[in-house]
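Here numbering that gives the first Met the number 0 is used: position 332 in the sequence shown is 331, and no number is missing along the way.
Just so it is clear, CB atoms sit at the ideal spot from N, CA and C, and this is done for glycine as well.
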Amino acid sequence: MPKISQAKIAKYQKLGLRSAMKLKNKELGDFFQRAEAEDCRMFQFPFNLQGKDWGFFRAPHSKNLDGVDIACVGIPLDSSAPNFAGTRHGPEAVRRWSHLQGPMHHLTKLIPFENCNIVEYGDVDFSGLNHEDRINDIYETYTKIKDAGVIPLSVGGEHTMSYPILKAIARDEPVGLIHIDAHGDTTGFLSDDESEIHDGNCFSRAAIDGLIDPERTIQIGIRGASSWCWEFSEDTGMRVVYAEEIQERGVKPIVDEARELMGNGPCYLTIDVDALDPAYMPGTGVPEPFGLTPLEVRDIVRGMRCLNIVGADIAEICPARDSQEISANLGAAFAFEMLCLLTESQVARTGNTRRTHWQKQD
Ligand SMILES: [Mn+2]
Numbered sequence: 000m001p002k003i004s005q006a007k008i009a010k011y012q013k014l015g016l017r018s019a020m021k022l023k024n025k026e027l028g029d030f031f032q033r034a035e036a037e038d039c040r041m042f043q044f045p046f047n048l049q050g051k052d053w054g055f056f057r058a059p060h061s062k063n064l065d066g067v068d069i070a071c072v073g074i075p076l077d078s079s080a081p082n083f084a085g086t087r088h089g090p091e092a093v094r095r096w097s098h099l100q101g102p103m104h105h106l107t108k109l110i111p112f113e114n115c116n117i118v119e120y121g122d123v124d125f126s127g128l129n130h131e132d133r134i135n136d137i138y139e140t141y142t143k144i145k146d147a148g149v150i151p152l153s154v155g156g157e158h159t160m161s162y163p164i165l166k167a168i169a170r171d172e173p174v175g176l177i178h179i180d181a182h183g184d185t186t187g188f189l190s191d192d193e194s195e196i197h198d199g200n201c202f203s204r205a206a207i208d209g210l211i212d213p214e215r216t217i218q219i220g221i222r223g224a225s226s227w228c229w230e231f232s233e234d235t236g237m238r239v240v241y242a243e244e245i246q247e248r249g250v251k252p253i254v255d256e257a258r259e260l261m262g263n264g265p266c267y268l269t270i271d272v273d274a275l276d277p278a279y280m281p282g283t284g285v286p287e288p289f290g291l292t293p294l295e296v297r298d299i300v301r302g303m304r305c306l307n308i309v310g311a312d313i314a315e316i317c318p319a320r321d322s323q324e325i326s327a328n329l330g331a332a333f334a335f336e337m338l339c340l341l342t343e344s345q346v347a348r349t350g351n352t353r354r355t356h357w358q359k360q361d
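As structure tokens, this is what we get:
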């Protein structure tokens with residue numbers, strides 16, 4: 000076998016021994032240098048963060064929302080979901096796995112931190128143990144976020160959280176809803192108390208309160224024994240896409256239909272991770288067989304690029320059900336895809352880019 004020429008070896012050495020930050024992709028190389036200068040080392044491995052308490056995707060922590068575009072928020076709500084408990088640990092697990100995500104989307108080359116000012120807001124601070132009070136705590140937190148003109152990326156926590164989020168961010172105008180879930184979450188009330196709000200009725204409540212437009216709502220991945228609970232969805236004109244329809248027709252026609260429904264109007268993206276088959280997502284409270292694959296959900300999410308998205312969430316991650324942590328890892332990957340969507344939507348809406356900074360700028 001002929002030897003590799005010395006000239007080629009010399010070329011490989013020149014390429015291989017250069018600094019990791021001197022990339023042909025200048026934007027990324029410059030970003031790494033800027034982040035390091037601001038004391039955020041994107042290269043630091045997640046097991047060796049040197050005492051740094053990074054937020055989602057290593058975003059800087061801040062409760063000050065002045066000049067912020069996107070706030071990443073954890074919602075450790077875990078009080079009304081049926082079946083397995085434990086979604087209160089979803090945000091911390093996804094936050095940890097998110098340190099292996101980004102900073103650049105490998106296909107679109109988008110660097111969210113170079114295009115939007117993104118902060119880690121922390122977890123919603125609950126005032127006590129009472130479920131209704133916690134719903135109100137979420138509402139108050141998101142009212143502050145809405146007042147500041149910031150769009151939220153939320154990680155839960157039980158799906159009930161989407162109701163108080165929508166109550167805050169859709170207060171002026173109802174939004175369209177792209178809802179990926181095994182369950183429609185549009186049942187009635189389980190007791191005589193009509194104020195009752197839980198993860199099985201958060202979207203019927205949102206419709207009744209005028210927060211979402213059922214005729215601009217698409218529910219994708221629906222299946223299983225509880226499907227009789229979602230009559231409200233069909234009665235109000237929501238588009239209900241059973242998992243089987245995706246499996247038979249593929250993702251593309253459903254994405255086209257969702258985009259058509261959303262148009263240019265404001266819309267909200269919500270993922271309940273039980274939309275995924277339990278083989279890929281064992282860490283959730285109500286694992287539902289015969290579900291979607293990660294690639295199907297990924298392509299639905301990516302199919303929503305450049306819509307007018309005013310917020311997104313991912314709910315029902317229950318890390319304790321999954322000793323391999325594949326659920327939190329996958330959840331973090333979806334969260335990064337959603338961060339990229341929100342970044343592009345925000346830049347299109349404002350016509351501006353703003354960078355994330357880890358240290359105060361003069
Ligand atoms: Mn749900």
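Rounded to whole angstroms, the gap between the alpha carbons of L260 and R215 is 5 angstroms. Per the Cβ contact rule, the stretch 126-135 is in contact with the stretch 153-164 (3 or more Cβ pairs under 8 angstroms). The alpha-carbon separation between M103 and M0 amounts to approximately 40 angstroms.
Per the C-alpha coordinates, the member of P81, R57, E157 and I179 positioned closest to I253 is I179. Restricting attention to G209, I117, A6 and D321, the CA atom closest to the CA of A84 is found in D321. Taking the Cβ atoms as the reference, C115 lies roughly 5 angstroms from I69, within the contact range of under 8 angstroms. DSSP, reduced to helix, strand and coil, places P286 outside both helices and strands of the structure shown, so it counts as coil. Shortest gap from the CB of A84 to any heavy atom of ligand 1: 8 angstroms or more.
At least 9 angstroms separates the beta-carbon of G73 from that of S190.
Listed in chain order, the beta strand (DSSP E) runs fully inside the stretch 199-274 are 211-221, 238-241 and 266-271, counting runs of at least 3 residues. Taking C-beta separations shorter than 8 angstroms and ignoring five residues to either side along the sequence, the partners of T352 in its chain run E113, N114, C115 and V346, following chain order. Within the model, the alpha-carbon separation for V67 versus V149 is close to 6 angstroms. If you look at Y120, you'll find it isn't in any alpha helix (DSSP H); it sits in the beta strand (DSSP E) that goes I117 to D122. In this structure the stretch 90-100 touches the stretch 314-331; the number of beta carbon pairs closer than 8 angstroms is three or more. Within the DSSP bridge table, the entry for H178 names Q218 and T269 as partners.
Here I3 is exposed. Its C-beta has fewer than 16 other C-beta atoms within 10 Å.
Note on H60: under 16 other CB atoms within 10 angstroms of its CB, so exposed under the neighbour-count rule. A Cβ closer than 7 angstroms to some heavy atom of ligand 1 marks a residue here, and those residues are H158, D180, H182, D184, D198, D271, D273, A314 and E315. In the three-state reduction of the DSSP assignment, S344 falls in the helix class, which pools H, G and I. With fewer than 16 other beta carbons inside 10 angstroms of its own, P288 counts as exposed.
The secondary-structure analysis by DSSP pairs G73 across a beta bridge with D122 and V154. A Cβ-Cβ separation of about 5 angstroms places T86 in contact with E157 under the 8 angstroms criterion.
Within 10 angstroms of the beta-carbon of R238 lie 16 or more other beta-carbons, which makes it buried. The beta-bridge partner set that DSSP reports for A311 consists of L152 and L268. For the 9 angstroms CB-CB criterion, T159 and C201 form a contact.
Secondary structure of I299 (DSSP, three-state): helix.
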